[in-house]
Amino acid sequence: MNKLQFNEGGQPLHLDDLEFLQDATVSPIQSLIVSWGNCILGGCEITYD
Numbered sequence: 001m002n003k004l005q006f007n008e009g010g011q012p013l014h015l016d017d018l019e020f021l022q023d024a025t026v027s028p029i030q031s032l033i034v035s036w037g038n039c040i041l042g043g044c045e046i047t048y049d
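Following the UniProt record's numbering, the numbering of the sequence shown begins with 1 at its first residue and continues without gaps.
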C-alpha cells in the first residue's frame, strides 16, 4: 500500500510527494469511471431519457 507519512516537526517536500498525492486522488476516481466505458466528464449537460 502506498502511504505518505508525515513526521512531527515537518519534513522536506519533494515533487514526488505532490505527484503521489495527485495520483492517490485520481486513481480511485479512474477505477470508478472505467466501469462506465467511454464518457465525457466535463463540458456537457447530462440529460436522461
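Ideal Cβ placement from N, Cα and C applies to all residues, glycine included.
Reference residue i; option with closest CA among the options
i     : options            : result
ASP16 : LYS3, GLY37, ILE46 : LYS3
Three-state secondary structure (DSSP) of residue i
i     : result
ASP49 : coil
GLU8  : coil
ILE40 : coil
SER31 : helix
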